[in-house]
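Peer 1: Following this message is one structure expressed as structure tokens.
Residue numbers (my numbering): 34 to 117.
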């Protein structure tokens, strides 16, 4: 596996873990902690920006075959963003 593919794969894995942690937080959120939610929402906006950077890296640096290996992950993330 080319080193750029390994790097991008790690970034995607890290990003997915952060999204899962954030989703778990939102699921357990108590309505009386609005300040904390605002902080987490700001963090989520940063994650979206990070996703956009990673997505751009994938589009610009992988061959068609390598990109197809990531297509399912991209679709899962897109479904998550549509849901929120």
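Every residue, glycine too, gets a C-beta built ideally from N, C-alpha and C.
1. In three-state terms, what does DSSP make of residue 42?
2. Would you report the Cα separation of residue 99 and residue 39, rounded to the nearest angstrom?
3. CA-CA distance, residue 43 and residue 85?
4. Alpha carbon to alpha carbon, how far is residue 104 from residue 74? Give it in angstroms, no decimals.
Peer 2: The answer reads as follows:
1. helix
2. 11 Å
3. 15 Å
4. 26 Å
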